[in-house]
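Structure first, commentary second.
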Amino acid sequence: MKWKRVAGVTGVVVMVWAGLTSAQVQAAPSEDPCVSEDSVVQTRGGREPDLGQVAQDLPAAAKGKAKPGFRATVPVYFHVISDGAIGALTAAQIQTQMNVLNNTFAGGEGGARTGFRFTLAGVTRTDNATWFYAGAGGTPEHEMKLALHTGGPGALNLYSTTAGEGLLGWAYLPDIVTKPGQAYLDGVVFDWESIPGTTTKYAGTYDQGETATHEVGHWLNLEHTFFGGCNAKGDFVDDTPAEKTPTSGCPAGKDTCKAPGLDPIHNYMDYSYDSCYTQFTPGQSQRMADAWLFYRA
Ligand SMILES: [Zn+2]
């Protein structure tokens, strides 16, 4: 599959489903003259669609609420969708994905220990080709989630599908749970072939199960490290160096902003290859924990 990159558009994050919510588009100020106020339609380097949701700083009262030693155990409802021929993950593959989530959120590759643990609370299996090939924001996604979504704001619903043509996955930021009638959309849809041991589609690129790590980062309110480009506010996290463009592959020494620090190519919230990913930062860990307490606990 060919990955497409749309040039000159960076900026606003994830999503609002246009059919349900009027998007209050609030582009991050940026040094990049190519970024316009209404650049909601954002490239994901081929990895994600744009759902138009507005990324924002947490309210001041919510910041810093999570104290050192923060812990949260997240029940996971794992919805396996298949099309009659492919997609039917084995129990071992599901467990492998759970292990990757737990390892990456525990700092197992050298990053911050976030305090989040994930436990498998349930598995559903649905053979439905329409859902299996569903893109973001359309009727099939809504039907699938209305039928399968389980639990409240603190439950993580994972849907393994094809994630639509040419995409790796998508997630809604946690303020989706505050929108009347939309909470069922909360969760992560991701490509079943990004799970280790499935196929060779992403061999050497997105094959270590860390697409789910990236998407769960969004689910816990993280933005991309390149969000806001070189703007000081950037991704609302202080210890991720500013970055103008999404990373592809693992280009050592990439440095796209004048601000101190090389681009955070090893960060789970960039677009690098899985083999390049090693970390969340302490600042991202704090933002996730604060967002958990604010939206999900
Ligand atoms: Zn993303």
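Throughout, this note's numbering is defined as the position within the sequence shown, counted from one, plus 166. Backbone N, C-alpha and C fix where the C-beta goes; we use that ideal spot for every residue, glycine too.
Spatial neighbours of residue i within its chain, please: CB distance less than 8 Å, with the 5 preceding and 5 following residues excluded, ordered by chain position.
i      : result
Met454 : Thr280, Phe282, Gly383, Leu386, Asn387, Leu388 and Phe446
Ala321 : Val240, Pro241, Val242, Tyr243 and Ala287
Gly253 : Val246, Ile247, Phe298, Ser326, Thr327, Thr328 and Trp358
Beta-carbon within less than 6 Å of residue i's beta-carbon, same chain only, minus the 5 sequence neighbours each way: which residues are those?
i      : result
Val246 : Leu255, Arg291 and Ser326
Gly449 : Val403, Asp404 and Asp405
Gly273 : Arg279
So residue i is in the beta strand (DSSP E); what residue range does that whole segment cover?
i      : result
Ala337 : Gly335 to Ala337
Arg291 : Phe282 to Asp293
Asn265 : Where Asn265 is concerned, there is no enclosing beta strand (DSSP E), although the alpha helix (DSSP H) it sits in stretches over Ala257 to Phe271.
Leu428 : Note, Leu428: premise wrong, no beta strand (DSSP E); not H, not E.
Leu324 : Leu322 to Thr327
Between the Cα of residue i and the Cα atoms of the options, which residue gives the shortest distance?
i      : options                           : result
Asp456 : Ser248, Pro340 and Gly395         : Pro340
Met435 : Met264, Gly230, Pro417 and Glu376 : Glu376
Gly251 : Tyr243, Cys416 and Thr328         : As written in the sequence, residue 251 is Ala, which differs from the Gly given in the question. Ranking the options by Cα distance to Ala251, first place goes to Thr328.
Gly353 : Pro430, Trp336 and Cys396         : Trp336
Asn269 : Asn397, Gln222 and Thr379         : Thr379
Leu459 : Ile431, Gly218, Thr262 and Lys233 : Lys233
Thr371 : Pro426, Met310, Ile361 and Ser441 : Ser441
Cys396 : Ala425, Asn294 and Ser360         : Ala425
Ile361 : Met264, Gly427 and Asp223         : Met264
Thr316 : Thr305, Gly304, Thr296 and Val343 : Val343
Val289 : Gly273, Leu312, Thr305 and Leu324 : Leu324
Tyr461 : Lys420, Tyr338 and Gly419         : Tyr338
Val220 : Tyr437, Glu309, His390 and Ala227 : His390
Is there a Cβ from chain B that is less than 8 Å from the Cβ of residue i?
i      : result
Asp216 : Of the protein chains in this structure there is only one, and it is not chain B.
Pull up the distance between the alpha-carbon of residue i and that of residue j, whole angstroms please.
i      : j      : result
Tyr439 : Thr422 : 18 Å
Ala408 : Phe392 : 7 Å
Ala349 : Lys231 : 24 Å
Ala463 : Thr285 : 16 Å
Glu307 : Gly347 : 15 Å
Ser248 : Gly415 : 29 Å
Gly400 : Gly394 : 4 Å
Pro225 : Phe236 : 19 Å
Glu275 : Asn433 : 11 Å
Glu331 : Asp429 : 29 Å
Ile260 : Thr365 : 14 Å
Gly218 : Ile431 : 24 Å
Asn294 : Thr444 : 35 Å
Ser451 : Phe271 : 9 Å
Ala258 : Ala369 : 19 Å
Ala278 : Gly363 : 26 Å
Ala238 : Leu314 : 24 Å
Val266 : Val355 : 16 Å
Lys345 : Thr296 : 26 Å
Which of the three DSSP states, helix, strand or coil, is assigned to residue i?
i      : result
Ser196 : For Ser196, the predicted structure reports a pLDDT of 31, less than 50, and the residue's modelled location is therefore unreliable. A value from the coordinates is still provided. In the structure shown, Ser196 sits in coil (DSSP, three-state: anything other than H, G, I, E or B).
Ala173 : Low confidence applies here, because Ala173 scores a pLDDT of 30, under 50, leaving its location unreliable; read the following figure in that light. In this structure, Ala173 counts as coil in the three-state DSSP scheme.
Phe298 : helix
Gln445 : strand
Ser360 : helix
His245 : strand
Tyr350 : helix
Tyr461 : helix
Val240 : strand
Val518 : Nothing in the structure corresponds to residue 518, since the chain is present only between 167 and 463.
Near residue i, what residues of its chain come up, given a Cβ to Cβ distance below 7 Å and the 5 sequence neighbours on each side ignored?
i      : result
Ser188 : Model confidence at Ser188 stands at a pLDDT of 26, short of 50, so the residue's coordinates are unreliable and nothing is read from them.
Lys229 : Asp456
Leu312 : Tyr350
I'd like the span of the alpha helix (DSSP H) that includes residue i, first residue to last.
i      : result
Thr377 : Glu376 to Trp385
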